[in-house]
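Asker: Note that numbering that gives the first Met the number 0 has the sequence shown beginning at 0, numbered continuously upward. Could you have a look at this structure, given as structure tokens, before my questions?
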Amino acid sequence: MLTSRLPGRVEPYKLAARAEHLEGLVALAELARLEDEVGAQSGDGQVWLDFAIDSQGRREIRGHLEAELQIPCRRCLQPMAQRVESDFRLGMVTSDSLAAELPSTHEPVLVENEQLNLMAVVEDEIILSLPQVVYHDEAECPVSRDQLTSGEATDASADAPANPFDVLRQIKGKL
């Protein structure tokens, strides 16, 4: 079980040269962009990172993260526990032109002044691993299907728009 905190900033090129492994916890409450996406969080996410230089000489980070988030249900808007996991492979670059040269197996991560904001990288990966839509099971959700209707059902034929080709049928009938 992880007990130490992941550092906020690292020197990734040095870590890759030494093939370092980092693992630690990330406080979910400190991730502001994640809070903007799904609301306030508590607890910690777990992150494992391996820094390396691949066979083509690219500096890369291979990582895995796990977190238990409270994401609002799209029906009732009440938070529900949702486990997110992600495996990722990042290629370290210093410019957008170098990012374009990375293979499709790597996502670019921008290293500025030989420093990498590790918390921003982890937050990006958590946000990218969020599920598209989250719902409680229908039996567990406080909002029923009946409450989701927006009014009385109407007769579809009464509200059907006029067929634009009716005018052509009328003209054709006159010829």
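Built from N, CA and C at the ideal position, the CB exists for glycine as well. As the structure is a computational prediction, the values presented were derived from the model and not from experiment.
Just confirm the distance between the C-beta atoms of residue 125 and residue 44, as a whole number of angstroms; I'd bet it's less than 8 Å.
Answerer: As a position in the sequence shown, residue 125 is number 126, starting the count at 1. As a position in the sequence shown, residue 44 is number 45, starting the count at 1. Residue 125 to residue 44, Cβ: 6 Å. Contact.
Asker: To the nearest whole angstrom, what separates the beta carbons of residue 11 and residue 60, a pair I think is in contact under 8 Å?
Answerer: Here the question's residue 11 lines up with position 12 in the sequence shown. Here the question's residue 60 lines up with position 61 in the sequence shown. Yes, residue 11 and residue 60 are in contact; Cβ-Cβ is about 7 Å, under 8 Å.
Asker: Quick check: the Cα distance between residue 33 and residue 19, rounded to an integer number of angstroms?
Answerer: Sequence index remark: in the sequence shown, residue 33 carries index 34 (1-based). Sequence index remark: in the sequence shown, residue 19 carries index 20 (1-based). In a straight line, the C-alpha of residue 33 is about 27 Å away from that of residue 19.
Asker: Less than 8 Å separating the beta-carbons of residue 86 and residue 63?
Answerer: What you label residue 86 is simply residue 87 of the sequence shown in a count that begins at 1. What you label residue 63 is simply residue 64 of the sequence shown in a count that begins at 1. If you check the CB distance, residue 86 and residue 63 come in under 8 Å.
Asker: Going straight from the alpha carbon of residue 58 to that of residue 75, what length do you get?
Answerer: Along the sequence shown, read from residue 1 onward, the residue named residue 58 stands at position 59. Along the sequence shown, read from residue 1 onward, the residue named residue 75 stands at position 76. A straight-line Cα-Cα distance of about 45 Å links residue 58 and residue 75.
Asker: Which residues in the same chain as residue 52 place their Cβ atom closer than 6 Å to its Cβ, once the five residues preceding and following it in sequence are excluded?
Answerer: Within the sequence shown, the letter at position 53 stands for residue 52. 15 and 58, listed in sequence order.
Asker: Between the alpha carbons of residue 90 and residue 50, how many angstroms are there, rounded?
Answerer: Locating residue 90 in the sequence shown gives position 91, counting from the first residue. Locating residue 50 in the sequence shown gives position 51, counting from the first residue. Rounded to the nearest angstrom, the two C-alpha atoms are 10 Å apart.
Asker: Alpha carbon to alpha carbon, how far is residue 41 from residue 78? Give it in angstroms, no decimals.
Answerer: Indexing the sequence shown from 1 puts residue 78 at position 79. Indexing the sequence shown from 1 puts residue 41 at position 42. C-alpha separation (whole angstroms): 12 Å.
Asker: Residues in its own chain within less than 6 Å of residue 84 by CB, not counting five upstream and five downstream?
Answerer: Counting from 1 along the sequence shown, the entry for residue 84 is found at position 85. If we look at residue 84 and ignore the five residues flanking it on each side, its Cβ neighbours are 65.
Asker: So the candidates are 113, 118 and 164; which of them puts its Cα closest to the Cα of residue 31?
Answerer: Locating residue 31 in the sequence shown gives position 32, where the first residue counts as 1. Considering only 113, 118 and 164, the residue with the shortest C-alpha distance to residue 31 is 118.
Asker: Look up residue 161 in the DSSP assignment and say whether it is helix, strand or coil.
Answerer: Within the sequence shown, the letter at position 162 stands for residue 161. Residue 161 falls in the coil class under three-state DSSP.
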